[in-house]
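Undergrad:
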Amino acid sequence: MDPRLDPDLPSEVAALFEQPADDERPGLAAWRRTWSWVVAAALIATLAWLTYTRDGWVPLLSNVDFGVHEFGHLLLMWAPRPLMVLGGSAAQVLFPLGLAGYFWWRADRFATSLMLAWAGSSLNNVSVYIYDATRMMLLLWGDDGTGSNHDWRYLLGPEVLDALAATDAIAMTVRFFSALLFVAAFAICAHGLLAPRLAERSERERAAELARRRASLPVRTPRNPVPASTGLAEPLTPQDESPTPLG
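Numbered continuously in the working numbering, the sequence shown closes out at residue 247.
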């Protein structure tokens, strides 16, 4: 039987068996917050390493990006072809960015940082796709070898933007912005890790400054000190309360 449920047990003894809640143990809560941000930073660093060392292809995550990419094409099947073609790359970046915005609105900075890292990885994947517009080295789903299904060869080609000569510059610019998303993700982790400690330090400094100011205030004695005796009648003793004999 749980000792806390014994009705005959004195409350003082039962209290010894009670475990304080997490919010009553600030040390444990701070430890958990610290490690949660360390884990987030480690995940983001791992994702960044996979993103920039594997030509934009990240195991499992890039499969999700591919699914979102194709879904973006389907959503814009009704639109003009340039917009429909652009919809694939736009969808795979806007989807994790939208999730990041949602979690930011929910004040879940941990999830926000991870979603920003995902968006950075997806945007780098788009930069690799753009870079391939003049090289045609990627194996594309449904491609017949002519490059007719290559989104960015079409978008940068003479039919739309006629900017194939600027392919490399555009790809590097997109890659730069993908790195900025990773930097933003790391910045959120750093803020989450350091902000409580900076706030605690600021509070200690404020308390110390307040104590210093109080100690520096002059001590004034009143001009008319209150006498020790207030002038009230002394209480009667038992002897005083005895009746006076009649003469």
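Every residue, glycine too, gets a C-beta built ideally from N, C-alpha and C.
Please state whether DSSP places A163 in a helix, a strand or coil.
TA: The residue you call residue 163 lines up with position 163 of the sequence shown. Coil, per DSSP.
Undergrad: Going by Cα to Cα distance, which pick from P218, V160 and L61 is closest to P80?
TA: The sequence position of residue 80 within the sequence shown is 80, counting from 1. Closest by alpha carbon: V160.
Undergrad: Among W118, N149, E209 and R206, whose alpha-carbon lies nearest the alpha-carbon of Y129?
TA: Along the sequence shown, one-based indexing puts residue 129 at 129. With distances taken between Cα atoms, Y129 lies closest to N149.
Undergrad: Can you tell me the Cα-Cα spacing of L94 and L138, whole angstroms?
TA: In the sequence shown, counting from the first residue as 1, residue 94 sits at position 94. In the sequence shown, counting from the first residue as 1, residue 138 sits at position 138. Rounded to the nearest angstrom, the two C-alpha atoms are 23 Å apart.
Undergrad: Which whole-angstrom value describes the C-beta separation of L76 and M84, a residue pair presumed to lie in contact below a C-beta threshold of 8 Å?
TA: As a first step, residue 76 is located in the sequence shown; it is residue number 76 there, counting from the start. As a first step, residue 84 is located in the sequence shown; it is residue number 84 there, counting from the start. Contact flag correct, Cβ pair sits at about 4 Å.
Undergrad: The alpha helix (DSSP H) spanning A111 covers which residue range?
TA: Taking the first residue of the sequence shown as position 1, residue 111 is located at position 111. A111 -> alpha helix (DSSP H) spans R109 to Y131.
Undergrad: Quick check on R175: buried or exposed, where buried means 16 or more other Cβ atoms within 10 Å of its Cβ?
TA: Here residue 175 corresponds to residue number 175 of the sequence shown, with the count starting at 1. Classification for R175: buried.
Undergrad: Could you tell me the alpha carbon to alpha carbon distance between L181 and V219, rounded to whole angstroms?
TA: Locating residue 181 in the sequence shown gives position 181, counting from the first residue. Locating residue 219 in the sequence shown gives position 219, counting from the first residue. L181 and V219: Cα-Cα distance of roughly 58 Å.
Undergrad: Quick one: grab the DSSP three-state call for D168.
TA: Along the sequence shown, one-based indexing puts residue 168 at 168. Here D168 sits in helix by DSSP.
Undergrad: With the cut-off set at 9 Å, would you say A40 and F71 are in Cβ contact?
TA: Indexing the sequence shown from 1 puts residue 40 at position 40. Indexing the sequence shown from 1 puts residue 71 at position 71. No, the pair does not count as a contact, with Cβ atoms beyond the cut-off.
Undergrad: Check the Cβ-Cβ distances between P158 and every residue of chain D, and say whether any is below 9 Å.
TA: Here chain D cannot be found, since the structure has a single protein chain.
Undergrad: So, under 8 Å CB-CB, L140 and F177 are touching, yes? Tell me the CB distance rounded to an integer number of Å.
TA: As a position in the sequence shown, residue 140 is number 140, starting the count at 1. As a position in the sequence shown, residue 177 is number 177, starting the count at 1. Not confirmed; about 23 Å, so no contact.
Undergrad: Just the Cα atoms here: how many angstroms apart are A207 and R214?
TA: The count along the sequence shown starts at 1 and reaches residue 207 at position 207. The count along the sequence shown starts at 1 and reaches residue 214 at position 214. The alpha-carbon atoms of A207 and R214 are separated by roughly 11 Å.
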